[in-house]
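For reference, the structure discussed in these notes is given below.
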Amino acid sequence: MLKNPFIIAIAAAVIALGAFVFVTDAPAYGGSAPETCANCHVMDSQYENWYHAPHEKWTECVDCHLPHENFVAYYLEKGRQGAKDVYAFTTGNIPVAIRASEKTKEIIQENCIRCHQETVESVVMGAQPFGRYCWDCHRNVSHGARGASGVPYQDSTLYPVK
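Below you can see the structure in the form of structure tokens.
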């Protein structure tokens with residue numbers, strides 16, 4: 011019989027975890043490369059639209075979709091969103107049309123204002139309604155014109171064909 015089954019179990023777990031990290035390139039998910047966000051096939055149209063949109067030269071996914079007030083908030087939200095994605099893929103509960111949650115919408119809005127503070131200050135001084143998200147008017151800036159990819163699903167109520 012084996013004298014140290016606990017040590018063998020720990021060694022097997024370390025080897026399995028190492029194989030998982032190597033095969034999945036897990037450290038990449040802690041970074042900010044847009045290509046990593048696009049690893050999920052359901053993100054193809056979002057990545058493609060961002061790649062051809064004006065913000066591609068200036069931003070990465072995390073610049074808009076994660077909070078930037080501090081390191082802890084950034085990685086907690088990155089972990090929350092990652093766990094949600096892992097759950098969706100594990101259970102097969104993947105939405106046909108990907109939409110930002112209310113929490114994500116607030117994060118994106120804060121980041122629009124953070125990056126465009128001088129412009130926003132000028133707009134706020136004008137007669138603009140304040141109960142809207144930036145992308146209500148600037149729909150094509152971050153992810154380009156809708157329907158630009160070959161994805162078969164498009165929410166025609168939000169993005170009508172012109």
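If you read the sequence shown in this note's numbering, its first letter stands for residue 11, the second for the next number, and so on.
Idealized CB from N, CA, C, for every residue including glycine.
Does the distance between the C-beta of residue i and the nearest non-hydrogen atom of the ligand NAP fall short of 7 Å?
| i | result |
| --- | --- |
| isoleucine 118 | By its list of ligands, the structure shown contains no ligand whatsoever, and the ligand NAP lies outside what it can speak to. |
Would you call residue i buried or exposed, if buried means 16 or more other Cβ atoms sit within 10 Å of its Cβ?
| i | result |
| --- | --- |
| isoleucine 33 | Strictly speaking, residue 33 in this sequence is valine, with isoleucine absent from that position. When all chains shown are included, valine 33 counts as exposed. |
| aspartate 165 | Model confidence at aspartate 165 stands at a pLDDT of 47, short of 50, so the residue's coordinates are unreliable; what they give is reported in the following sentence. Looking at its Cβ environment, which holds fewer than 16 other Cβ atoms inside 10 Å, aspartate 165 is exposed. |
| tyrosine 57 | buried |
| alanine 103 | The sequence shown places asparagine at residue 103, rather than the alanine named in the question. Asparagine 103 is exposed by the Cβ-count criterion. |
| aspartate 54 | exposed |
| cysteine 122 | buried |
| asparagine 59 | buried |
| isoleucine 18 | exposed |
Can you tell me where the alpha helix (DSSP H) with residue i in it begins and where it stops?
| i | result |
| --- | --- |
| asparagine 14 | Counting along the chain, asparagine 14 falls outside any alpha helix (DSSP H), and DSSP gives it neither H nor E. |
| serine 42 | Per DSSP, serine 42 belongs to no alpha helix (DSSP H) and is neither H nor E. |
| glutamine 149 | For the sequence presented, residue 149 should be read as arginine rather than glutamine. 149-153 is the span of the alpha helix (DSSP H), which, as asked, contains arginine 149. |
My assumption, with CB atoms under 8 Å, is that residue i sits in contact with residue j. Please give the rounded CB distance.
| i | j | result |
| --- | --- | --- |
| alanine 63 | serine 132 | About 23 Å; that fails the 8 Å criterion. |
| threonine 114 | histidine 78 | In fact, because the Cβ distance is near 14 Å, the residues do not count as touching under 8 Å. |
| tyrosine 143 | glutamine 119 | 5 Å |
Mind pulling the beta strand (DSSP E) runs of 3 or more residues that sit fully within the region 48-115? none
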